[in-house]
Amino acid sequence: MIKEWFKTDLGVLYQGHILDVLENFPNESIDCIITSPPYWRLSDFGKDTEVKWPSGWYGQLGWEPILDLYIEHLLYIMKELKRVLKKMGVIFWIHGDYYKDGLYLINYRFASYCIDKFGLILKNIIVVYKQKGITMENNLSNNHEPIFIFAKDKNHWFNPNEITSNVWTIPFATSLENYFQFFKEKIIKPMIEIGCPESGIILDPFMGGGSVAIVAEELNRKWIGIEIKEQYCKLIEQLLRKN
């Protein structure tokens, strides 16, 4: 079921299964996509996020029984994202890996499939450097996360301005609230500024905590969000009303 949850003068939030919502979008209607999917086997978002997938499997994205099925579901999504993206549009895809006795390189495998199957151009990979990383037993701490920049066509809109490096730093945060503030200022804001024209529309199909919508509002940009979990929709609405 698709539900228009909340609207502002600049944007709209839809609640529903990402594929169900996207199929109602016209072709080439979005200028910039900024998002991060649920990582494989990382967070359990609850029974209310379980849905039927075109593969026939019913469940929560990220909790597929095998890795290949998770990647297959992400490819269903990326196929739709490519369809709704304008010819000059770009996608910022934030995607961490899974570690168990070694790295799985899920994000890089997926990026490779996007190039081979959909003809997307991997323009660059932003490395998000976190000054305080995740400590790992008998290993080096993980202090980075990649953001894959995909373009649909070689003639795409991209305005780096004064940003010359693909290494972006998130300062050490003393609280979760500070971390999200740093993330909005140091990561979301520059992605919008370099990847979306001022008159463009930004889409976040995994809206989560609403950071993309909040920063888009601050920058006076149009936005569309999709979120399946009702609890997060309520949170996003609350944050947008507060701002």
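Count along the sequence shown from 1, then add 1; that gives the number in the working numbering. Quick reminder that beta carbons are idealized off the backbone N, C-alpha and C, glycines included.
If only uninterrupted beta strand (DSSP E) runs of at least 3 residues are considered, those enclosed by the segment 86-155 are 86-95, 122-135 and 143-152. The beta-carbon separation of Ile193 and Ala217, rounded to 6 Å, stays under the 8 Å limit for a contact. Taken through DSSP and simplified to helix, strand or coil, Glu194 comes out as helix.
In the structure shown, Lys230 adopts coil according to DSSP, grouped into three states. Listed as beta-bridge partners of Asp10 by DSSP are no residues whatsoever.
Burial check for Glu146: the Cβ neighbour count within 10 Å reaches 16 or more, so the residue is buried. Counting the other CB atoms within 10 Å of its CB gives Tyr59 a total below 16, which places it among the exposed residues. Cα atoms of Ile67 and Tyr99: separation of roughly 13 Å, rounded to the nearest angstrom. Secondary structure at Glu218: helix, using DSSP grouped into helix, strand and coil. Annotation: the continuous alpha helix (DSSP H) that includes Ile19 extends over Ile19 to Leu23. Segment contact: the segment 180-189 against the segment 14-31, fewer than three CB-CB distances shorter than 8 Å; contact not assigned. Collapsing the DSSP output to three states places Gln61 in coil. Distance from the CA atom of Asp102 to the CA atom of Arg42, rounded to whole angstroms, is 14 Å. In this structure, Ile225 sits near Leu204, with a CB-CB distance shorter than 7 Å. When Asp10, Ile127 and Phe151 are compared, the shortest CA-CA separation from Gly120 is found for Phe151. In this structure, the straight-line span from the alpha carbon of Lys133 to that of Asn144 is close to 6 Å. In the three-state reduction of the DSSP assignment, Asp45 falls in the coil class.
Counted as a single uninterrupted DSSP element, the beta strand (DSSP E) harbouring Ile203 occupies residues Ile202 to Asp205. Bounds of the beta strand (DSSP E) holding Thr36 are Ile31 to Thr36.
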